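The structure appears right after this line, and notes come after that.
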Amino acid sequence: MPLQVLLIEDNPGDVRLTQEAFRDSNISISLHVATDGVEAMEFLRREGVYIDAPRPDLVLLDLNLPKMDGRQVLTRIKEDDGLKTIPVVILTTSDAEVDILTSYKLQANCYLSKPVQLDAFENLVKSISDFWFTKVKLPPRGHSTKPPNEIPVVRK
Amino acid sequence: MVTSGIRDITTHKDTEQDLAQSEAKYRGLLEAAPDAMVVVNQDGEIILLNIRAEDQFGYPRDELLGQKLTTIIPEGFAERLIADGLRTAAEALAQQIGTGIELSGRRRNGSYFPIEMMLSPLESAGGILVTAAIRDITTRKNAERHLAQTEAKYRGLLEAAPDAMVVVNQAGDIVLLNIRAEEQFGYKRDELLGQKVTTIIPEGFAERLIADGLRSAAEALAQQIGTGIEIYGRRRDGSDFPIEIMLSPLESVEGILVTAAIRDITTRKNAERYLAQTEAKYRGLLEAAPDAMVVVNQGGEIVLLNIRAEEQFGYKRDELLGQKVTTIIPEGFAERLIADGLRTAAEALAQQIGTGIELYGRRSNGSEFPIEIMLSPLDSAEGILVTAAIRDLTTRKTAEAHARELSRSNEELEQFAYIASHDLQEPLRMVTSYTQLLSKRYKGKLDTDADAFIAFAVDGASRMQRLIQDLLAYSHVGTKGIDLLDVSSEDALHRALANLHDAIETSGALVTHDPIPVVLADETQLVQLFQNLIGNAVKYHGREIPAVHVSAVRNGGGRWMFSVRDNGLGIDPQYFEKIFGMFQRLHRRDEFAGTGIGLAICKKIVERHGGKISVASEPGHGSTFRFSLAGGSAKS
Numbered sequence: 001m002p003l004q005v006l007l008i009e010d011n012p013g014d015v016r017l018t019q020e021a022f023r024d025s026n027i028s029i030s031l032h033v034a035t036d037g038v039e040a041m042e043f044l045r046r047e048g049v050y051i052d053a054p055r056p057d058l059v060l061l062d063l064n065l066p067k068m069d070g071r072q073v074l075t076r077i078k079e080d081d082g083l084k085t086i087p088v089v090i091l092t093t094s095d096a097e098v099d100i101l102t103s104y105k106l107q108a109n110c111y112l113s114k115p116v117q118l119d120a121f122e123n124l125v126k127s128i129s130d131f132w133f134t135k136v137k138l139p140p141r142g143h144s145t146k147p148p149n150e151i152p153v154v155r156k
Numbered sequence: 157m158v159t160s161g162i163r164d165i166t167t168h169k170d171t172e173q174d175l176a177q178s179e180a181k182y183r184g185l186l187e188a189a190p191d192a193m194v195v196v197n198q199d200g201e202i203i204l205l206n207i208r209a210e211d212q213f214g215y216p217r218d219e220l221l222g223q224k225l226t227t228i229i230p231e232g233f234a235e236r237l238i239a240d241g242l243r244t245a246a247e248a249l250a251q252q253i254g255t256g257i258e259l260s261g262r263r264r265n266g267s268y269f270p271i272e273m274m275l276s277p278l279e280s281a282g283g284i285l286v287t288a289a290i291r292d293i294t295t296r297k298n299a300e301r302h303l304a305q306t307e308a309k310y311r312g313l314l315e316a317a318p319d320a321m322v323v324v325n326q327a328g329d330i331v332l333l334n335i336r337a338e339e340q341f342g343y344k345r346d347e348l349l350g351q352k353v354t355t356i357i358p359e360g361f362a363e364r365l366i367a368d369g370l371r372s373a374a375e376a377l378a379q380q381i382g383t384g385i386e387i388y389g390r391r392r393d394g395s396d397f398p399i400e401i402m403l404s405p406l407e408s409v410e411g412i413l414v415t416a417a418i419r420d421i422t423t424r425k426n427a428e429r430y431l432a433q434t435e436a437k438y439r440g441l442l443e444a445a446p447d448a449m450v451v452v453n454q455g456g457e458i459v460l461l462n463i464r465a466e467e468q469f470g471y472k473r474d475e476l477l478g479q480k481v482t483t484i485i486p487e488g489f490a491e492r493l494i495a496d497g498l499r500t501a502a503e504a505l506a507q508q509i510g511t512g513i514e515l516y517g518r519r520s521n522g523s524e525f526p527i528e529i530m531l532s533p534l535d536s537a538e539g540i541l542v543t544a545a546i547r548d549l550t551t552r553k554t555a556e557a558h559a560r561e562l563s564r565s566n567e568e569l570e571q572f573a574y575i576a577s578h579d580l581q582e583p584l585r586m587v588t589s590y591t592q593l594l595s596k597r598y599k600g601k602l603d604t605d606a607d608a609f610i611a612f613a614v615d616g617a618s619r620m621q622r623l624i625q626d627l628l629a630y631s632h633v634g635t636k637g638i639d640l641l642d643v644s645s646e647d648a649l650h651r652a653l654a655n656l657h658d659a660i661e662t663s664g665a666l667v668t669h670d671p672i673p674v675v676l677a678d679e680t681q682l683v684q685l686f687q688n689l690i691g692n693a694v695k696y697h698g699r700e701i702p703a704v705h706v707s708a709v710r711n712g713g714g715r716w717m718f719s720v721r722d723n724g725l726g727i728d729p730q731y732f733e734k735i736f737g738m739f740q741r742l743h744r745r746d747e748f749a750g751t752g753i754g755l756a757i758c759k760k761i762v763e764r765h766g767g768k769i770s771v772a773s774e775p776g777h778g779s780t781f782r783f784s785l786a787g788g789s790a791k792s
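From first to last, the protein sequence lines are chains A and B.
Counting in our numbering, the first sequence runs from 1 upward without gaps.
Counting in our numbering, the second sequence runs from 157 upward without gaps.
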């Protein structure tokens, strides 16, 4: 079963760019998109139309979102015993210190800022798949309620 | 005197007839005399008397003729007349001749009255007779007694006076003085009586007392009466001391005397001098003060002010002196100065001391301006005064308003910077990314025009990207507070080199440095400074491989002068100033990419650190950029 990735991003340009980059990286993933925080939480909690949504193995989260912004989404995920074990990667245009610090305080698993140049962005997406989808040992599926282990374990 | 006439007559020695004749003549003279005249023989019997003698003693002539003189002059006359064993009556008499003897006369009614008697001898056939001229001196005696009483009373007053009192006659001799005068001048009374007043008051007194040719002593004196004259007194030991004298006239039997009340004003003079000195000193301080200074009394009236106060409030000194302080400080000052029922003025004042109070001042033209006043108490002879230092806050208030405005605009700028970093970059990133994606996927698949258009779009978007990033960096230097700490400039340099890693590697540049010091700087900005300068040096290279050298030398005052030297293209001296300006570029875009902001950022960073940046260069021979920074507090 391919890795399930939830991209929470309101900008269709970025969504498409991310999709293109993942497609170029030749890794088999299933990329789901939520375009605001409320929708993202519904997806994660399998509410409404998302009743059959898969549990993501990784969340890519933009900070500036309509309705419920990325910080609130991050807070809800990390407060939820059923969700807190899902690694959350912040992927945003902001490189403001305050955003970086806040994200880590809210237990983000890592913080990446989107590069301007296309090739740099493609490289970044490649790095994400290379690291999170091949090197990192993710928490076992179906053991979502066990105590969180948010520190990624690097495969030898 | 009548007796002298008698004596002339006595020179005649004649017969009985002569005597009879002379008696008739003598009687005529006798009766004409103004005094009572009695002629007595050697036995003390009255043998002749005139009508004034009858009147004076109250006897008819016949009752007295042949009577002993002791009937009318009970004592003193006979004793003098009759010689004791040692001398003749003539000798005894001779001693008395011409001398007024005061005795008592007795009237027929037994009453006594004071008399003065002058005796003279009268030789006659019956031996030496004695003529006595007798004057009733009742009136004179009464007058004398009265005078003595007056003098006693006057002396009492003199001694009771708090000041030294000296009475001087018209010749300038001291005729009377009190014990205070003795003490003050250090003399005993007897040493001064009869002395010239100049002995104790060397100058000024006599001149005033004694008239010059143009006016009488009385006039001269009149001018002085009641006037306190300050002159010097001299003690017995020769030392001088300041005195004030008050002259007043004293009519006496000896003519007009001058009473001088002399006060030792040494203490007062010292106090005055001290006060004058203190005031002079205080005024000096007052005028030297950088603020307007106003001294106010308990009544809220301005008693002193300095020139700054005149300037600040637009009044002349005289216009403010004596005016209520509310004239220039309409509210707040008086309320603080004057105590309410619950506390004393001193307490009210104490609460204000040392506290800056912000009030409004009012100028003579009615305009108001913000002031800060500081009150302090000033002990003076008139009680506690209040010194108010008044500072015009107009400039400070304006500056504060400016600072607020600046701070607000800085916040807005930072807000703008954030918006630029995020909201502006977001769409730009889309343009950049998708033109690049277009280029990547479709280059060579469309026609050549499409390729060219896509290339222009990609280039434009990229340049706009850099421009926004550089502008952001520039605004960050200005809006972010700088945090000056001890920073190793060597570490900052290494961080800058790490950031420039790609450019250095690509160009093959060789960057070297001497040991460089710890400086007082904002580390992020210092990194940016090195990065921009070295980045330029690497970028604007000639045919040679870029070589950059960084060094620092002491620049005096604990400062360092840094140099970043390269072997690049160099800069024409006419552009030395221009290159530090915003958007100033010296190269075509197809030669070197750039926004023209890098050196403007450098200049801003150095200036924000209190230093200066400059360039020395010759085209074709490289450039050296120099900038100064304060050394760190720790030893490097």
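The C-beta atom is built at its ideal place from N, Cα and C for all residues, glycine as well.
The model shown is predicted, which means the values in this text are computed figures rather than measured ones.
Let me check understanding here. Comparing Cα to Cα, which of the options lies closest to residue i?
{"i": "Leu676 (chain B)", "options": "B:Ile761, B:Ile610, B:Phe781, B:Ala337", "result": "B:Ile761"}
{"i": "Asn265 (chain B)", "options": "B:Pro230, B:Tyr215, B:Arg296, B:Glu307", "result": "B:Tyr215"}
{"i": "Ile133 (chain B)", "options": "B:Asn298, B:Glu272, B:Ile284", "result": "The structure shown does not extend to residue 133 (chain B), since chain B is modelled only from 157 through 792, so no value can be given for it."}
{"i": "Tyr339 (chain B)", "options": "B:Ile356, B:Val331, B:Asp329, B:Ala327", "result": "One detail in the question is off: residue 339 (chain B) reads as Glu in this sequence, not Tyr. That would be B:Ile356, whose Cα lies nearest to the Cα of Glu339 (chain B)."}
{"i": "Ala608 (chain B)", "options": "B:Leu594, B:Ala188, B:Tyr731", "result": "B:Leu594"}
{"i": "Val481 (chain B)", "options": "B:Pro446, B:Gly517, B:Gly470, B:Glu467", "result": "B:Gly517"}
{"i": "Leu420 (chain B)", "options": "B:Leu403, B:Gly389, B:Ser404", "result": "Residue 420 (chain B) is actually Asp in this sequence, not Leu. Ranking the options by Cα distance to Asp420 (chain B), first place goes to B:Gly389."}
{"i": "Pro446 (chain B)", "options": "B:Gln433, B:Phe781, B:Gln468", "result": "B:Gln468"}
{"i": "Glu528 (chain B)", "options": "B:Ile546, B:Thr423, B:Gly539", "result": "B:Ile546"}
{"i": "Ser589 (chain B)", "options": "B:Val322, B:Phe489, B:Val614", "result": "B:Val614"}
{"i": "Val88 (chain A)", "options": "A:Pro2, A:Met1, A:Ile8", "result": "A:Ile8"}
{"i": "His650 (chain B)", "options": "B:Ala617, B:Val706, B:Leu205, B:Leu623", "result": "B:Val706"}
{"i": "Thr483 (chain B)", "options": "B:Ala448, B:Arg519, B:Ile387", "result": "B:Arg519"}
{"i": "Val15 (chain A)", "options": "A:Lys137, A:Val136, A:Lys135, A:Lys114", "result": "A:Lys114"}
Identify the residues that DSSP records as bridge partners of residue i: which are they?
{"i": "Tyr516 (chain B)", "result": "B:Pro526"}
{"i": "Ala544 (chain B)", "result": "B:Val450, B:Leu531"}
{"i": "Arg390 (chain B)", "result": "B:Asp396"}
{"i": "Phe781 (chain B)", "result": "B:Val720, B:Val771"}
{"i": "Pro270 (chain B)", "result": "B:Ser260"}
Measure the CB-CB distance between residue i and residue j and report whether it falls below 8 Å.
{"i": "Ala708 (chain B)", "j": "Ser645 (chain B)", "result": "yes"}
{"i": "Gly724 (chain B)", "j": "Gly778 (chain B)", "result": "yes"}
{"i": "Val286 (chain B)", "j": "Val196 (chain B)", "result": "yes"}
{"i": "Val720 (chain B)", "j": "Val694 (chain B)", "result": "no"}
{"i": "Thr157 (chain A)", "j": "Arg585 (chain B)", "result": "Examination of residue 157 (chain A) is not possible in this model, given that chain A is present from 1 through 156 alone."}
{"i": "Ser276 (chain B)", "j": "Tyr268 (chain B)", "result": "no"}
{"i": "Gln740 (chain B)", "j": "Gly752 (chain B)", "result": "yes"}
{"i": "Val322 (chain B)", "j": "Leu313 (chain B)", "result": "no"}
{"i": "Ile77 (chain A)", "j": "Val59 (chain A)", "result": "yes"}
{"i": "Pro12 (chain A)", "j": "Ser28 (chain A)", "result": "no"}
{"i": "Val674 (chain B)", "j": "Ala648 (chain B)", "result": "no"}
{"i": "Asp62 (chain A)", "j": "Leu91 (chain A)", "result": "yes"}
{"i": "Ile335 (chain B)", "j": "Glu359 (chain B)", "result": "no"}
{"i": "Ile418 (chain B)", "j": "Ala327 (chain B)", "result": "no"}
{"i": "His32 (chain A)", "j": "Leu6 (chain A)", "result": "yes"}
{"i": "Gln4 (chain A)", "j": "Gln592 (chain B)", "result": "no"}
| message | Counting only Cβ-Cβ distances shorter than 8 Å, please list the residues of the segment 85 to 101 of chain A near chain B, keeping chain order. | response | Thr93, Ser94, Asp95, Ala96
| field | chain A contacts from the segment 586 to 614 of chain B (Cβ-Cβ distance under 8 Å) | value | Met586, Thr588, Ser589, Tyr590, Gln592, Leu593, Lys596
| query | Quick check: the segment 450 to 459 of chain B against the segment 552 to 564 of chain B, are there 3 or more CB pairs under 8 Å? | reply | no
| request: Pair every Cβ in the segment 663 to 670 of chain B with every Cβ in the segment 619 to 635 of chain B, then say whether three or more of these pairs are closer than 8 Å. | output: Under the 8 Å Cβ criterion, the segment 663 to 670 of chain B does not count as touching the segment 619 to 635 of chain B, having fewer than three qualifying pairs.
| Are the segment 125 to 142 of chain A and the segment 51 to 58 of chain A touching, with three or more C-beta to C-beta distances below 8 Å? | yes
| said: Does the structure place the segment 275 to 283 of chain B close enough to the segment 297 to 317 of chain B that three or more beta carbon pairs sit under 8 Å? | reply: Using a Cβ-Cβ distance cut-off of 8 Å, the segment 297 to 317 of chain B and the segment 275 to 283 of chain B are not in contact, since fewer than three pairs of beta carbons, one from each stretch, lie closer than that value.
| What residues in the segment 100 to 123 of chain A bring their beta carbon closer than 8 Å to a beta carbon of chain B? | Taking 8 Å as the Cβ-Cβ cut-off, the segment 100 to 123 of chain A approaches chain B at Lys114, Val116, Gln117, Leu118, Asp119, Phe121, given in chain order.
| field | contact_flag[the segment 68 to 78 of chain A, the segment 92 to 106 of chain A] where n(CB pairs < 8 Å) is 3 or more | value | yes
| said: Check whether the segment 222 to 229 of chain B and the segment 201 to 209 of chain B touch, using three or more Cβ-Cβ pairs below 8 Å as the test. | reply: yes
| task | Select from the segment 4 to 16 of chain A all residues with a C-beta closer than 8 Å to any C-beta belonging to chain B, and list them in chain order. | result | When C-beta distances to chain B are compared with 8 Å, the residues of the segment 4 to 16 of chain A below that value are Asn11, Gly13, Asp14, in chain order.
| Relative to chain A, which residues along the segment 429 to 452 of chain B have a C-beta separation below 8 Å, given in chain order? | none
| query | When Cβ atoms are compared, which residues of the segment 67 to 86 of chain A fall closer than 8 Å to chain B? | reply | If the cut-off is 8 Å between Cβ atoms, the segment 67 to 86 of chain A has nothing near chain B.
| task | Give, in chain order, every residue of the segment 20 to 43 of chain A whose Cβ lies closer than 8 Å to some Cβ of chain B. | result | Residues Glu20.
| task | Determine, using beta-carbon pairs with one atom in the segment 403 to 412 of chain B and one in the segment 428 to 444 of chain B, whether at least three such pairs fall under 8 Å. | result | no
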